[in-house]
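Residue numbers (the working numbering): 9 to 454. What follows is a single structure, written as structure tokens, with notes after it.
As structure tokens, then:
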């Protein structure tokens, strides 16, 4: 190819790239003015156009312009934090359809690690859980096809299907054992609340906040427990272990059940004036009932909002292990001319005392381990272990003090729940009141 055609091709690509970025990032004259103020000019895009040109002209195989552009946009957004990303027009359309579609799934939450799927959470009584799949398992093959080389979206799509249809999975256990399982897809609508009476106290387990009827179900559960205790509820345990979060609205409503007005959380953006405050309604449900909340590294987002609010407000004592640390808010922004959508982080969550949840999570008042393995500190999957996770600007030296962790004795029956045992024990001790008073160090949460 002679110089004239090379030069012309480069100019066309430069204009095409500039036009694409202009379309995506400058949908109005106002946006154009803002970009000019930030010096996002065509000169700044010249490097990208140059790289794009050389890939297109010199790469050994044929390339797809759309794939290259989308990969560049995704890489840019993924470099910000693990929850930001770009969806093409077709992907965005599929996402909107999926919100309304009823399909069969396995009841697991997953991420992509070293090219294969890692199970972050298996919903109790879901198809995967019943088949023996647990948190920490790796899925290397779905339906006879290796995961290696697939995107997370494609891999997850392969696990979905018609309810009742089986799918073959190859699972790698933490001990490197390989297991082949046939899991039958089901419509997963995990029960919002499970409840029982535990040694004379009320116990409720909330698995997810992704349920619009959660608050109603929780009220029904509390009424059932109170009735079973002849109207006298001496204490309540709220178990949020493994709860990956869900609807912000439900986290505020659940917190509101146990608070008499005042702030539940705030969400703050880049600008000082970009702040939203969420408050509880007046009149709490169980004003005289002591509450203990159990959390672990799998408690995230909405679960952390509830634990943090009730802890800060002196309404509950929190036991267990430090929570996940997902304290950010994502906004989906559809792009003009049907060019897909951006999902970007726009705010951070803060507890009533002004502490950021991001990266640090909620620290229990009483650190309690689930096993007696004191000699080995296991690395747990948390927000701050994710690639490019947002840092916590308010606290850069926040970690569990392992010497303060309460471990079960060596002869403890491993089939018994030691964290639940300590939560029940705490309800009957004076230490409960001491912790509550300590947490009530802030004068006002209104």
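Here a beta-carbon is modelled for each residue, glycine too, at the ideal position from N, C-alpha and C.
For residue i, collect the residues of the same chain with a Cβ closer than 7 Å to its Cβ; drop the 5 residues on either side in sequence, then sort them by chain order.
i	result
residue 378	426, 427
residue 148	124, 154, 155, 178, 180
residue 71	63, 64
residue 137	115, 130, 131
residue 128	117, 118, 119, 143, 389
residue 126	118, 119, 146
residue 152	176
Smallest Cα separation from residue i: which of the options?
i	options	result
residue 191	362, 421, 175	175
residue 201	360, 228, 195	228
residue 299	349, 67, 244, 308	244
residue 203	235, 296, 218, 194	235
residue 360	447, 240, 295	447
residue 430	303, 80, 286	303
residue 362	224, 349, 172, 275	275
residue 85	55, 350, 417, 307	350
residue 272	433, 285, 102	285
residue 158	173, 136, 119	119
residue 375	130, 167, 128, 416	416
residue 340	72, 93, 68, 71	93
residue 208	445, 440, 436	436
residue 371	394, 353, 413, 343	413
residue 342	246, 206, 183, 103	103
residue 318	358, 354, 344	358
residue 356	283, 295, 239, 432	283
residue 433	160, 278, 301	301
What would DSSP say about residue i, mapped onto helix, strand or coil?
i	result
residue 452	Note that residue 452 scores 45 on pLDDT, short of 50, meaning its location in the model is unreliable; the coordinates nonetheless yield the value given after this. Residue 452 falls in the coil class under three-state DSSP.
residue 278	coil
residue 186	strand
residue 319	helix
residue 176	strand
residue 156	coil
residue 349	strand
residue 130	strand
residue 37	Residue confidence is low: residue 37 scores 40 on pLDDT, short of 50, so the model does not pin down where it sits. No coordinate-derived value is stated.
residue 370	coil
residue 62	helix
residue 290	coil
residue 446	helix
residue 244	strand
residue 331	coil
residue 313	helix
residue 6	Absent from the structure is residue 6, since the part of the chain shown begins at 9 and ends at 454.
residue 113	strand
residue 164	helix
residue 404	Caution is warranted here: a pLDDT of 46 is assigned to residue 404, below 50, making its placement in the model unreliable, and no coordinate value can be reported.
If residue i sits next to residue j, beta carbons under 8 Å apart, how far is it from one beta carbon to the other, in whole angstroms?
i	j	result
residue 62	residue 336	With 8 Å as the limit, residue 62 and residue 336 do not qualify as a contact, their Cβ atoms being about 36 Å apart.
residue 333	residue 366	6 Å
residue 288	residue 305	Actually they do not touch by this definition, with Cβ atoms about 27 Å apart.
residue 217	residue 258	4 Å
residue 210	residue 241	5 Å
residue 193	residue 170	7 Å
residue 117	residue 323	Rounded, the Cβ-Cβ distance is 29 Å, inconsistent with contact.
residue 60	residue 76	6 Å
residue 134	residue 196	5 Å
residue 460	residue 113	An answer regarding residue 460 cannot be provided, because it is not within the stretch 9 to 454 covered by the chain.
residue 139	residue 396	Actually they are not in contact, since the Cβ atoms of residue 139 and residue 396 sit about 33 Å apart, beyond 8 Å.
residue 166	residue 150	5 Å
residue 331	residue 310	No, residue 331 and residue 310 are not in contact; Cβ-Cβ is about 11 Å, not under 8 Å.
residue 353	residue 394	That belief does not hold up - the Cβ atoms of residue 353 and residue 394 are roughly 13 Å apart, past 8 Å.
residue 233	residue 205	6 Å
Can you find the residues in the same chain that come closer than 8 Å, C-beta to C-beta, to residue i, ignoring five residues on each side of it along the sequence?
i	result
residue 121	146
residue 97	346, 347, 348
residue 12	Residue placement at residue 12 cannot be trusted, given a pLDDT of 39 that sits under 50; what the coordinates show is reported in the next sentence. Excluding residues within five positions, none has a Cβ falling inside 8 Å.
residue 261	222, 223
residue 293	227, 230, 265, 266
Give the range of the beta strand (DSSP E) segment to which residue i is assigned.
i	result
residue 412	Taken as a continuous stretch (DSSP letters only), residue 412 belongs to no beta strand (DSSP E), as it is neither H nor E.
residue 338	336-342
residue 95	93-95
residue 300	299-303
residue 148	146-150
Quick one: residues in its chain with C-beta nearer than 6 Å to the C-beta of residue i, no 5 flanking neighbours on either side, listed in chain order?
i	result
residue 400	364, 366, 367, 368
residue 373	325, 326, 443
residue 7	Examination of residue 7 is not possible in this model, given that the chain is present from 9 through 454 alone.
If you follow the alpha helix (DSSP H) that residue i is part of, which residue opens it and which one closes it?
i	result
residue 429	426-435
residue 83	73-86
residue 236	222-236
residue 117	Residue 117 -> not in any alpha helix (DSSP H); beta strand (DSSP E) instead, spanning 116-121.
residue 195	Segment: none, residue 195 is in no alpha helix (DSSP H) and carries neither H nor E.
residue 262	256-265
residue 138	135-138
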